[in-house]
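Going down the list, the sequences are from chains H and R. Residue numbering for the first sequence follows this note's numbering, starting at 11 and increasing by one per position. Residue numbering for the second sequence follows this note's numbering, starting at 11 and increasing by one per position. First comes the structure, then the notes that go with it.
Protein chains: 2
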Amino acid sequence: MVTHTRNWCSAFNPSKCTHTAVRTCNAAHKYAEFLLVSHESVLCFVPLGGCKADWRPSNSPKLIDLLDDTVPGIGTYEDFNTIDWVREKSKDRDRHREITNKSKHSTVALLFSISDAFSGWLLMLLIGLMSGALAGGIDIAAHWMTDLKEGVCLNGFWFNHEHCCWASNETTFQERDKCPQWKTWAELMVGVSEGSVNVLNHFMYVSWALLFAFLAVILVRAFAPYACGSGIPEIKTILSGFIIRGYLGKWTLIIKTITLVLAVSSGLSLGKEGPLVHVACCCANILCHFFTKYRRNEAKRREVLSAASAVGVSVAFGAPIGGVLFSLEEVSYYFPLKTLWRSFFAALVAAFTLRSINPFGNSRLVLFYVEFHTPWHLLELIPFVLLGIFGGLWGAFFIHANIAWCRLRKNTRLGHYPVIEVLVVTLLTALLAFPIEYTRMSSSELISELFNDCGLLDSSKLCGYTSNSGSTSGSVNATAANGLGARLAGPGLYTAMWQLALALVFKMLITVATFGIKVTDLDVFLKAKQNIRAQASKHFFFFLISTLGGVTRMTVSLVVIMFELTGGLEYIVPLMAATMTSKWVADALSRESIYEAHIRLNGYPFLEAKEEFRHKTLATDVMRPRQSDPPLSVLTQSGMSVEEVERLIADTTYSGFPVVISQQSQRLVGFVLRRDLVISLENARRHQEGVVSVSAVLFTECDPPASPSAPPAVKLHNILDLSPFTVTVHTPMEIVVDIFRKLGLRQCLVIQNGRLLGIITKKDILKHMAQMANRDPESILFN
Amino acid sequence: MVTHTRNWCSAFNPSKCTHTAVRTCNAAHKYAEFLLVSHESVLCFVPLGGCKADWRPSNSPKLIDLLDDTVPGIGTYEDFNTIDWVREKSKDRDRHREITNKSKHSTVALLFSISDAFSGWLLMLLIGLMSGALAGGIDIAAHWMTDLKEGVCLNGFWFNHEHCCWASNETTFQERDKCPQWKTWAELMVGVSEGSVNVLNHFMYVSWALLFAFLAVILVRAFAPYACGSGIPEIKTILSGFIIRGYLGKWTLIIKTITLVLAVSSGLSLGKEGPLVHVACCCANILCHFFTKYRRNEAKRREVLSAASAVGVSVAFGAPIGGVLFSLEEVSYYFPLKTLWRSFFAALVAAFTLRSINPFGNSRLVLFYVEFHTPWHLLELIPFVLLGIFGGLWGAFFIHANIAWCRLRKNTRLGHYPVIEVLVVTLLTALLAFPIEYTRMSSSELISELFNDCGLLDSSKLCGYTSNSGSTSGSVNATAANGLGARLAGPGLYTAMWQLALALVFKMLITVATFGIKVTDLDVFLKAKQNIRAQASKHFFFFLISTLGGVTRMTVSLVVIMFELTGGLEYIVPLMAATMTSKWVADALSRESIYEAHIRLNGYPFLEAKEEFRHKTLATDVMRPRQSDPPLSVLTQSGMSVEEVERLIADTTYSGFPVVISQQSQRLVGFVLRRDLVISLENARRHQEGVVSVSAVLFTECDPPASPSAPPAVKLHNILDLSPFTVTVHTPMEIVVDIFRKLGLRQCLVIQNGRLLGIITKKDILKHMAQMANRDPESILFN
């Protein structure tokens, strides 16, 4: 299924002649060469017959005539290829221009033009609605299935524990959770609710967990292998311009949605954030198919996907601004201001949709809401910064441990049994989780337990203050989150706290071991989320934020997300201090975030924008052909026959060929893509009359003088890119890397004094960078 | 004082020969030409004597040998020039590499390398501290001087009204503002405090205001003309790579700080935000002088300035995250993630410093704090969106009116009397403002009046609820901002509200008229700020946010600032809806924000990153020389004498020259800047022995064969940029514009099939864009 892109320039070999010519400069040789050049370069420009002498192709100059692509397939990409951002954007501008021009002539075209202009916003609206709805559905389903592990509602099996007891008449708060309608499995099967039946409950709990996990693994394996994993590393790679067909397809969407519910319900320690970003991107990709503007343009589609990742975070945390910043800081590659506004809009719609669905029943955008309104003291900055340091250390360790584990799984036989692995982990989690109340809870239950204010109706042990707790009755609502002061605690509180701490440590250990496992993967966000109010102490909260910062290396977006989650306006300064410290510490230990580490582990062709290229190499050190390689495979603008071109295509695997004036002069005319060339030649053979193997292939606008008996020539001027990017041999690689990053190039030609000497592709750069960092250059690309 | 940059390529004229050669292809001519080419291009590469045959300049390849600039001044820019981002960044990387290499050899160098790595953060720390301290000082001084207009404190003239009455024994709240230590001018001079003396107070009020305004204008005119205006349009231009010496200098800083206090105190309707951004940028620029890394690199300095503009907004609003986003969305041109993190840090430090100074005495980061915690209903979105529409309309109108007024002032005699203009406006403002309590207040007083919660000690009329106001006594603190419900209002409230509304309308009218006036300019932020709680209704708040959105076209940053200001977590969705609507509506009317409109009005060479270039022109349509112009002025890599080069420099005004192999072949070798060339030649004449007018000028690495009697050649290989950016004649302008924007180029050479045909500079592009938009291309550049 996987079509490998071969590194298409690996055999653009350095012609000895080229280098020799430059170096030893045999004058006689040069002389002869230039004679030929002068002869050949004249060919095109001699005004013959009706051919336009001006070098401008026609009255309507275009980069490539892609709009009137009579030949289908031209201008598209193969799987596992990198897109050319410049070409895609140029295509879009051509399209836009055509629509604008037409709109001046008729009302229908004007309406079409207006609808086209608004289609981007409409698409954002749809993505927001769809993702918000899916996220709401996932929340509700996961909540129900988590409860199903413990028991069932007699009023209807589709009620979860909370809804089941909603209408209960029990008024004692302790009894409220034990309403008669809700039966644990033991009660239902044995009929007794006390004592030794706990074993039966435990057994049922583990069985359900195993069933859910098994279903999830089987579904992923059978229907959508791409639905595995967190998804963020792959989405980052796709956004940088790589093509992975099916990764964001409808099957992935369906299976990911179902297995996300199953996996969360099975009690595995995983978060919904990475998968929700993946789900939102799938929605976006599918919805793009209804809009020509986005369906047919890879660059435009990536803008939409950038917005979709903001939507994913927005629905995961109820934090629309944080989502936009997450997309900007962490995921996106190309993020113009226009995309910023659209992401903003889509995130807004999604958050709003989620709020309307109201899966948590608190009519708030956020799942939990904690307020730190007590002022903090200057001295408190010291523990906050210390926590930042610990968080950074722990984050770096987490990444290291996780990558080591993944590598182990990848390189040994351990990775050959993903189903068994998942089942074992589920079994262990379920066995160990059941005895303690807090580990048994699903993430969302745990979070709402930890975060919701202790009201009078609350049965949580964490709220078990004795009622003679000093202050006025109105301020009981001042939450336990601020419980730093000396507040009288009920007898159950300390026990509950201990159990909670244990539960969290346990979940964290499981998390290290399972990140990257092959079912809808857990996400590091979870750790912060499930713990925010956890320790009834802001210090633990800060530690967790710092850890999250250390793992993902987010700063601004993390603070904003936390800000939106908690409303902790007062705590911006300490939060920023902690996240910055954490980032510094973690960066000092290793430069990569967890996502980048996974990208590198999997060898995705991703050109990191954050890290500067600091080596001293020049373009000439990286370009192909190398000195020992055969000469660069080029086409000449005229003088080649169909057969010769076809032979060149068959003999090589490069995905594009430079076109020069002549083999001798090597003066660059343009660049033609292999795919376009193959399609055009096939098309000419099939549809153009009289084309035979000896027909000439012309990349020029005008015909050279040819004998009347010669077969008609194949004109390929329209697939020729007349403005390929060029650098000189002296250009430092740091600048080349910069150009590739900023313009999103696929390849770049290397010129000296007007002569074509070689070519540099994105993969050459990635290999070179790996080499410079003392890594195996062959690890780039696929596993 | 103003050195004009002439459009340096206006006379790179199209050699008829070039075009003719291409077009008519006289074979004989070509033949002769190539003979010459072959002869000349060989010259360099023939291994002669000890010269290296390899085209690599040496073992340590560098773009330009800028690190060892023995000749001072090379690599610097003249005033009113555009910097070359690529070259600057390349210089910085060279510098970094050198330090890293040295650090391996000695401990001192290692320590230096570490200190160098941390100097960026240290600089950010200093900027944050300095800006925070200045902002605090400005707040305190302005507060005091505003009160000085009304009266003086007998305990010490340096106390403001509030501090003066701090220790007062008066316990009645109505009397608290009228403590005996505080005397109005009438009381002090006439001794009576009632009745007709109000006229005297009014007179003193107006006099003080006029005095302050006069001082401000005189100071600006005498010492720092650049201190005038809001500063944001100029800072935007500077950040995009333009050089305006002195705009961010120490005089500007001093005068701007003083006049900001004076102008705010004089009662003019101006905000501190734009000026604070300017002040923070001045601080940053001055502090950069203490760090070699930033002093000598224009690109690095601009990164620091981007962070400084975040600091400015951070201290103006107490909104560090909002500041960072403002810098990202509105001001910055080049904003890599590294700058994001540093801005974040600097904004944090500044906000923290301000908090420590505590100018508002509420130990909060923010001046005012409003909470909208009442949930909003879905239907409320309709009025919010409507308010967004009105806000957008009003914003677009504001820009239009303001620009029309500024243009009038610029083009008529009205603009010739700036001092009188300011005094007249001040007089009018002061005369009209005095009678109503709210217009008389300074912005900050007004804001704190509007925003601070109504406590029991509050004397404000807006807090005048009757004490039998229904709910429990504890909830009196539930602010008037939420006063949508039916709350019983005291008799004074409605009067106060009406006066307030009038005051605001009045201030807004003044604002329209004075934005852009030539004293530390008012800022549009003010309008939202001074009104947030204003109407005791969130609807007015939304209207003002929308207006601000319409005027500045900010979205995300605006919402975040409001979010940080108000803590209105619940209101993210409606806020986003209102700002997006406002932006759409305003964009539909005109594309430009107030800052961009002012940039265009002043003709700054700013290449807008937001708007896409959508025209169909090619590089050939924009490049110089045009068809009717004389040929392109080029240097040849060898064969020119010092005299010839000097004559070329004297005859032309271009700021750079392409270097070609020979005049006939026009094969590009590199690019050399005029300034570097002039300095190097002068230096050679002065310091190199035996250099006379007939000495050869060589841009090659190796010497051509020369007769032993010839004078020594001047070698200029080290100032030659061997990797100039090139595009082909066929490259669409949209791509060229994209390259210029993204890489920050200054100029780009135009090539066809290896022959140099022309050059495109940033100013050519700006002129072309102005032409395409049917504006006067000559309006670009200076007034």
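No residue lacks a Cβ here, since even glycine has one placed at the ideal position from N, Cα and C. Remember, predicted model here, so these are calculated numbers, not experimental data.
- For Phe681 (chain R), no alpha helix (DSSP H) segment is defined; the enclosing uninterrupted segment is the beta strand (DSSP E) at 678-683.
- Bridge partners of Met650 (chain R) according to DSSP: R:Val707.
- The alpha-carbon separation between Leu391 (chain R) and Phe169 (chain H) amounts to approximately 33 angstroms.
- In the three-state DSSP reduction, Leu347 (chain R) falls in the helix class (H, G or I).
- Within the region 741-768 of chain R, the residues whose Cβ lies closer than 8 angstroms to any Cβ of chain H are, in chain order, Thr741, Pro742, Glu744, Ile745, Asp748, Ile749, Lys752, Leu753, Ile761, Gln762, Asn763, Gly764, Arg765.
- The contact set of Leu732 (chain H) on chain R, defined by CB atoms closer than 9 angstroms, consists of Thr738, Val739, His740, Thr741 in chain order.
- In terms of CA proximity to Gly764 (chain H), R:Val670 leads the group R:Val670, R:His697, R:Leu272.
- Of the residues assessed, Ser665 (chain H) falls on the buried side of the cut-off, its CB having 16 or more other CB atoms within 10 angstroms.
- Residue-level contact check: Met650 (chain H) does not touch chain R, since none of the beta carbons of chain R fall below 8 angstroms from its beta carbon.
- Put simply, of R:Leu687, R:Ile331, R:His625 the residue whose alpha carbon is nearest the alpha carbon of Gln781 (chain R) is R:His625.
- Not a single C-beta of chain R is nearer than 8 angstroms to the C-beta of Pro722 (chain H).
- Chain R places a beta carbon closer than 8 angstroms to that of Glu339 (chain H), counting this residue as a contact.
- Each residue's CA atom was taken as its position, placing Asp104 (chain H) and Thr627 (chain R) some 12 angstroms apart.
- Contact fails between the region 625-644 of chain R and the region 424-434 of chain R, because fewer than three Cβ pairs, one in each stretch, are under 8 angstroms apart.
- Between Ala360 (chain R) and Val325 (chain R), the C-beta spacing is below 8 angstroms.
- Per DSSP, Gly666 (chain H) is one residue of the beta strand (DSSP E) stretching across 666-670.
- When DSSP states are grouped into helix, strand and coil, Pro393 (chain H) belongs to the helix group.
- Within the region 685-773 of chain R, the alpha helix (DSSP H) runs of at least 4 residues that lie entirely inside it are, in chain order, 743-753.
- Judged by beta-carbon spacing, Leu437 (chain R) lies within the 8 angstroms limit of Val216 (chain R), meaning their Cβ atoms are closer than that value.
- Setting aside the 5 residues that flank it on each side, Ser113 (chain R) is surrounded in the same chain by Ala119, Leu120, Ser123, each with a C-beta closer than 6 angstroms to its C-beta; the list follows chain order.
- With distances taken between CA atoms, Leu642 (chain H) lies nearest to H:Ile769 out of H:Ile769, H:Pro615, H:Cys292.
- For Lys626 (chain H), the closest Cβ of chain R is nearer than 8 angstroms.
- Using a 10 angstroms sphere on the CB of Ile228 (chain R), the tally of other CB atoms stays under 16, which defines it as exposed.
- Three or more beta-carbon pairs separated by less than 8 angstroms are not found between the region 295-307 of chain H and the region 325-338 of chain H, which leaves the two stretches without contact.
- Restricting attention to R:Gly402, R:Tyr427, R:Leu683, the CA atom closest to the CA of Leu599 (chain R) is found in R:Gly402.
- Judged by DSSP in its simplified three-state form, Val162 (chain R) adopts strand.
- In the assembly as shown, Leu683 (chain R) is a buried residue. Its beta-carbon has 16 or more other beta-carbons within 10 Å.
- Assigned with DSSP and collapsed to three states, Lys193 (chain H) falls in strand.
- Residues of the region 580-611 of chain H that bring their beta carbon within less than 9 angstroms of a beta carbon in chain R comprise Glu580, Ile582, Val583, Met586, Ala587, Thr589, Met590, Lys593, Trp594, in sequence order.
- Distance from the Cα of Ile253 (chain R) is smallest, within the candidate group R:Arg311, R:Leu286, R:Leu732, for R:Arg311.
- Gly405 (chain R) is not a Cβ neighbour of Val566 (chain R), given a cutoff of 8 angstroms.
- No Cβ-Cβ contact shorter than 8 angstroms links Gly322 (chain R) with Ser592 (chain R).
- At least one CB of chain H lies nearer than 8 angstroms to the CB of Ala361 (chain R).
- Not one beta carbon of chain R lies nearer than 8 angstroms to the beta carbon of Thr349 (chain H).
- Short of 6 angstroms from the beta carbon of Ile150 (chain H), and not among the five residues preceding or following it, lie these beta carbons of its own chain, in chain order: Pro369.
- Burial check for Ala219 (chain R): the Cβ neighbour count within 10 Å reaches 16 or more, so the residue is buried.
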